[in-house]
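Take a look at the structure below.
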Amino acid sequence: MTIFSADTYICDSEKLIASSKKTAQVDNKVIYLPGTDCVVRPKVSLAGYTSYRVGGPAEWYVAPRDITALEASIRYAYEQSLPVTVLGAGSNLLVSDCGISGLVIGTRHLRHSHFEEETGLVTVAAGEAIPGLAWQAAEHGFQGFEWAVGIPGTVGGAVVMNAGAHNGCIADIFVSAEVLCEDGTLRTFTSEDLGYTYRTSKLQGGKNIVTQATFQLQPGADPAVVTATTKHHKEHRLNTQPYDKPSCGSVFRNPKPYSAGWLIEQSGLKGYQIGKAQVAPRHANFIINCGGASACDIFNLIRHIQHNVKEHWSIALEPEVKMIGNFKMA
Ligand SMILES: Cc1cc2nc3c(=O)[nH]c(=O)nc-3n(C[C@H](O)[C@H](O)[C@H](O)COP(=O)(O)OP(=O)(O)OC[C@H]3O[C@@H](n4cnc5c(N)ncnc54)[C@H](O)[C@@H]3O)c2cc1C
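Right, here's the structure in full:
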């Protein structure tokens, strides 16, 4: 599959130049990609697409529903020389108040899932929600995904981040991922290819897009038992973490053998606030948006925490949250 040889087709009176008769339809600057039901929209606020509920607009935003539309979106970006940013559920992202230039591709409409009852193999599209998948696995009597129920991301984001909780992580169950690579080819990557370590994979910071993943679970358990374990994990999270306020979960990676939350708490920062961003009183490795925080508030609080923990413990905390766009210290 080559995706960079198609006709050029975009026009926008201010920025983009029509270059082909086989054009996408342009209607009030909304661009319809040909051969798809896919629409590229300008200046879409990303605050509603991130769990922090902050962030400026995407210069362009598209949410393809299938691979053809995803390929058309990438082709559009290539032809218009737009940098691409991939957005899953936005649950591990801090988007700058200035927004993101280029094309933001939201994957949450890439949906399908297939449970192989005999083998326990589960193949899921990148946009499927992790909590929903955990509940479905439980209903099928598949063990091995109970730990994931409290992670509010997509399959694509979880594969890229090697998401994990309760001593489980994606690497433990990962078989392979189908990835749309920068050169336009669809390739299958195995665990070895992704070089999984703690909350890290080789896909981070790259230009490849996960389109679907296959996981190995253990079939044949009593659905009621798996559901009970899943429920237990969910309740534990609700009792120990501030799920009632917008956040990105843990802000910093744990600098083993320490826990980032403990270091932050011992530095006297629990409850510390900059603007409307606060170190969560319930869990010091969470920064919560108390209502009306800006990305800049959160960014400045991250830097403040790093500075203080460094002073107290000589440990450099490394953010787990991905910061995108331009940030400036206040
Ligand atoms: C309340 C709360 C609790 C959380 N608890 C946990 C936890 O216990 N464990 C944990 O690991 N995380 C946790 N998180 C963080 C977050 O949910 C995970 O990191 C999750 O895997 C991110 O998935 P996402 O779809 O939201 O990715 P996003 O935040 O949208 O993106 C994260 C990164 O992945 C890239 N990306 C996303 N999708 C794709 C794709 N299809 N192809 C290529 N790149 C892609 C993005 O470009 C970005 O760099 C928590 C977050 C919240 C808000």
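Offset between the sequence shown (1-based) and this note's numbering: plus 1.
No residue lacks a Cβ here, since even glycine has one placed at the ideal position from N, Cα and C.
From a predicted model like this one, the values you see are computed outputs, not experimental measurements.
Who pairs with residue i in a beta bridge, going by DSSP?
i, result
"H115", "T124"
"F143", "Beta-bridge pairing links F143 to no other residue."
"I289", "Q279"
"P320", "F253"
"I325", "V96"
"Q307", "According to DSSP, Q307 bridges with nothing at all."
State buried or exposed for residue i, treating a residue as buried only when at least 16 other CB atoms are found within 10 Å of its CB.
i, result
"G145", "buried"
"Y199", "exposed"
"P282", "exposed"
"V226", "exposed"
"A317", "exposed"
"P241", "Per the sequence shown, residue 241 should be read as Thr rather than Pro. It is exposed - the Cβ of T241 has fewer than 16 other Cβ atoms within 10 Å."
"T231", "buried"
"A229", "exposed"
Taking residue i as the reference, give the member of the options with the closest Cα.
i, options, result
"Y77", "C39, Q242, G207 and Y197", "C39"
"L122", "L104, Q267, G262 and G221", "G221"
"G207", "M162, S251 and I174", "M162"
"S202", "T231, C170, G269 and K44", "C170"
"L218", "T231, V176 and R254", "V176"
"P84", "P224, S102, Y62 and G250", "S102"
"G56", "D194, S260, D298 and E319", "D298"
"L71", "L318, T108, F253 and Q279", "T108"
"Y53", "V41, L134 and N290", "N290"
"A214", "E118, G128 and H237", "G128"
"V150", "H110, G165 and E60", "G165"
"L181", "F328, I316 and D67", "D67"
"V160", "Q205, W148, F253 and E236", "Q205"
"G293", "G91, S92 and G276", "G276"
"H284", "E60, S295 and F253", "F253"
"H110", "G142, T155 and F216", "T155"
"G89", "K30, G49, I288 and V280", "G49"
"A261", "H313, P224, P58 and Q274", "H313"
"S315", "I306, T191, P65 and G250", "I306"
"P58", "T69, V45, P65 and T51", "V45"
Check whether the Cβ of residue i sits closer than 8 angstroms to any heavy atom of ligand 3, and report yes or no.
i, result
"T108", "This structure lacks ligand 3; its bound ligands are ligand 1."
Taking the continuous beta strand (DSSP E) assigned at residue i, which residues delimit it?
i, result
"G107", "I101 to G107"
"T1", "Residue 1 falls outside the range modelled here, since the chain spans only 2 to 331, and no answer is possible."
"Q279", "A278 to V280"
"S74", "First-last for S74: I68 to E80, but that is the alpha helix (DSSP H), not the beta strand (DSSP E)."
"A214", "I210 to Q217"
"E179", "F175 to L181"
"W61", "P58 to V63"
"R42", "V40 to S46"
Which value, in whole angstroms, describes the spacing of the CA atoms of residue i and residue j?
i, j, result
"G269", "H167", "26 angstroms"
"L34", "R112", "20 angstroms"
"V63", "S74", "7 angstroms"
"Q81", "I131", "33 angstroms"
"K23", "V105", "Summary for K23: the model assigns pLDDT 44, below 50, so the residue's position carries little reliability; its value from the coordinates is reported in the next sentence. Cα to Cα, the separation comes out at about 24 angstroms."
"I152", "I210", "20 angstroms"
"I265", "K235", "25 angstroms"
"A278", "L47", "18 angstroms"
"T189", "A178", "6 angstroms"
"A19", "F116", "Bear in mind that the predicted position of A19 carries a pLDDT of just 33, short of 50, making it unreliable; the figure below should be weighed with that in mind. If I take the Cα positions, the gap works out to 45 angstroms."
"V96", "A296", "7 angstroms"
"T124", "S114", "6 angstroms"
Which stretch, first to last residue, makes up the alpha helix (DSSP H) that contains residue i?
i, result
"L239", "P224 to T241"
"V160", "V156 to M162"
Would a check of beta-carbon distances place residue i closer than 9 angstroms to chain C?
i, result
"G185", "Looking for chain C here will not work: only one protein chain is present."
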